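The structure appears right after this line, and notes come after that.
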Amino acid sequence: MPHTELLDLATSVATQAADMVARRRREGVAVADRKTSSVDVVTHADRESEQLIRILLAEARPDDGFFGEEGGASVGTSGLTWVVDPIDGTVNYLYGIPHYAVSVAVVEGEPDPATWRALAGAVVNPGARETYTASVGGGSFLDGERLQVAEAVDLSEALVATGFSYLEEMRVEQGQVIAGLLSQVRDIRRMGTASLDLCMVASGRVNAYFERSLNPWDHAAGALIAREAGATVKGRGNNAAGKEFILAAEPSVAVLLGAALARLDA
Ligand code: IPD
Ligand code: CA
Ligand code: CA
Numbered sequence: 059m060p061h062t063e064l065l066d067l068a069t070s071v072a073t074q075a076a077d078m079v080a081r082r083r084r085e086g087v088a089v090a091d092r093k094t095s096s097v098d099v100v101t102h103a104d105r106e107s108e109q110l111i112r113i114l115l116a117e118a119r120p121d122d123g124f125f126g127e128e129g130g131a132s133v134g135t136s137g138l139t140w141v142v143d144p145i146d147g148t149v150n151y152l153y154g155i156p157h158y159a160v161s162v163a164v165v166e167g168e169p170d171p172a173t174w175r176a177l178a179g180a181v182v183n184p185g186a187r188e189t190y191t192a193s194v195g196g197g198s199f200l201d202g203e204r205l206q207v208a209e210a211v212d213l214s215e216a217l218v219a220t221g222f223s224y225l226e227e228m229r230v231e232q233g234q235v236i237a238g239l240l241s242q243v244r245d246i247r248r249m250g251t252a253s254l255d256l257c258m259v260a261s262g263r264v265n266a267y268f269e270r271s272l273n274p275w276d277h278a279a280g281a282l283i284a285r286e287a288g289a290t291v292k293g294r295g296n297n298a299a300g301k302e303f304i305l306a307a308e309p310s311v312a313v314l315l316g317a318a319l320a321r322l323d324a
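Following the working numbering, the residues of the sequence shown are numbered contiguously, the last one being 324.
Quick look at the structure:
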């Protein structure tokens, strides 16, 4: 299947789920459960969104695998796996902040960010009515407009997005890193949706983004969108982006920020 068809499918299912999720938001949202900590919540809409995406993909591509945040994984036979965050930015969603997204990516190989090759991805933010898309080698787009990372800047002029874990111990370390970084950059943003942070690197709305302890579904689509817009997307040192660390930025900014974070033991 050509990547354009995979991209069309990713965009279609993410859009249908985003429409449903936004409708549920208007009807009122309640916490269904808590996961890794008391502040890591899941709503009924997260589950409903993942279920809808799973059904739509199974109809269209029955041989592919599925790897979603809420429902776990199923192995396919085609070598392709759909990696899905049914609502990224659930805390924003819960509070009615219109900055959350449905993220759908299709990857080749084992569904492991260390080795997979992302083929296509879509991140849909229904609150802003914005759809980010990318396919490997095909560039990335915001509502059909080609994206390009922001131009190179000094670290002191970089607007840097980041995010924090739901786990207290990790947050203590993350807070220390921010305390050391804040005086070295233009400013810090914690917007609450990792997939959109990566898309905002792609569109030049921020110069850089980094985070520790992300899960594969948080960055599968967004990392491809950032990379296809010209960003470096990497992990610590020469590692691939993953749970340990992810950094995305215009290539020279990525070097400067990577070095600053290494000095802070991030
Ligand atoms: C979270 C968001 C947040 C990031 C967290 C993620 P969720 O995803 O992307 O921005 O800082 O690390 O877990 O729980 O809203 O899907
Ligand atoms: Ca997420
Ligand atoms: Ca989620």
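Beta carbons: idealized from backbone N, C-alpha and C, even for Gly. Owing to the predicted nature of the structure, the values given are computational and were not obtained by experimental measurement.
Residue i versus residue j - alpha carbon distance
i: residue 221; j: residue 129; result: 24 Å
i: residue 104; j: residue 179; result: 19 Å
i: residue 308; j: residue 289; result: 5 Å
i: residue 196; j: residue 310; result: 23 Å
i: residue 63; j: residue 285; result: 20 Å
i: residue 216; j: residue 168; result: 35 Å
i: residue 101; j: residue 194; result: 32 Å
i: residue 151; j: residue 315; result: 30 Å
i: residue 68; j: residue 295; result: 31 Å
i: residue 210; j: residue 72; result: 32 Å
i: residue 298; j: residue 317; result: 16 Å
i: residue 147; j: residue 136; result: 31 Å
i: residue 154; j: residue 276; result: 20 Å
i: residue 90; j: residue 99; result: 7 Å
i: residue 232; j: residue 324; result: 8 Å
i: residue 283; j: residue 260; result: 6 Å
i: residue 120; j: residue 319; result: 43 Å
i: residue 214; j: residue 248; result: 18 Å
i: residue 65; j: residue 223; result: 30 Å
i: residue 141; j: residue 97; result: 24 Å
i: residue 227; j: residue 93; result: 16 Å
i: residue 78; j: residue 61; result: 26 Å
i: residue 208; j: residue 82; result: 35 Å
Exposed unless 16 or more other CB atoms sit within 10 angstroms - verdict on residue i
i: residue 234; result: exposed
i: residue 88; result: exposed
i: residue 145; result: buried
i: residue 113; result: exposed
i: residue 191; result: buried
i: residue 183; result: buried
i: residue 255; result: buried
i: residue 237; result: exposed
i: residue 240; result: exposed
i: residue 189; result: buried
i: residue 292; result: buried
i: residue 287; result: buried
i: residue 274; result: buried
i: residue 173; result: exposed
i: residue 264; result: buried
i: residue 230; result: exposed
i: residue 321; result: exposed
i: residue 212; result: exposed
i: residue 84; result: exposed
Distance CB(residue i)-CB(residue j) smaller than 8 Å
i: residue 278; j: residue 161; result: yes
i: residue 149; j: residue 86; result: no
i: residue 325; j: residue 253; result: Beyond the ends of the chain as shown, which are 59 and 324, falls residue 325; an answer cannot be given.
i: residue 95; j: residue 225; result: yes
i: residue 164; j: residue 280; result: no
i: residue 366; j: residue 219; result: No answer is possible for residue 366: the residues shown for the chain start at 59 and end at 324.
i: residue 75; j: residue 115; result: no
i: residue 127; j: residue 106; result: no
i: residue 134; j: residue 122; result: yes
i: residue 156; j: residue 176; result: no
i: residue 125; j: residue 131; result: yes
i: residue 138; j: residue 166; result: yes
Residue i beta carbon near ligand 4 (any heavy atom closer than 7 Å)
i: residue 222; result: Ligand 4 is not part of this structure, which contains only ligand 1, ligand 2 and ligand 3.
Distance between beta carbons of residue j and residue i, contact taken as under 8 Å
i: residue 262; j: residue 171; result: Contact flag wrong, Cβ pair sits at about 24 Å.
Meets three-Cβ-pair contact criterion under 8 Å: the stretch 200-208 and the stretch 236-252: They do not touch, by the three-pair rule.
Sufficient close CB pairs (3 or more, under 8 Å) joining the stretch 301-312 to the stretch 267-287: In short, these stretches touch, since the Cβ pair count reaches three.
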